[in-house]
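Student:
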Amino acid sequence: MTSITIDLSDSQFRKLQDFARVHGIAIEVLLKASLEDWLNLQKGDFVNTADYVLMKNAELYRRLA
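If you read the sequence shown in the numbering used here, its first letter stands for residue 642, the second for the next number, and so on.
1. Consult DSSP for Thr-643 and reduce its assignment to one of helix, strand or coil.
2. Under 6 Å Cβ to Cβ from Ile-668, same chain only, skipping five residues before and after it: list those, please.
3. Out of Lys-673, Asp-686, Phe-687, which one is the CA nearest neighbour of Phe-644?
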């Protein structure tokens, strides 16, 4: 597993602490879950865009084949 280090402002860190405390989870778990959600969203956006482009240009691709 790879580890990274990021710099946060004091206010950002306090917000993370507060949010994690409210939900009863460790900051590391919160950040890892948030990153996973963001990465999956990006993948979903790409797939949706690619599907749209392929559908929009299907007739052109058929003619070029």
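Cβ coordinates follow ideal geometry from the N, Cα and C atoms, glycine included.
Tutor: In brief:
1. Assigned with DSSP and collapsed to three states, Thr-643 falls in coil, not helix or strand.
2. Leu-657, Ala-661.
3. Looking at the sequence itself, residue 644 is Ser, so the reference to Phe does not match. Taking only the C-alpha atoms, the option nearest Ser-644 is Lys-673.
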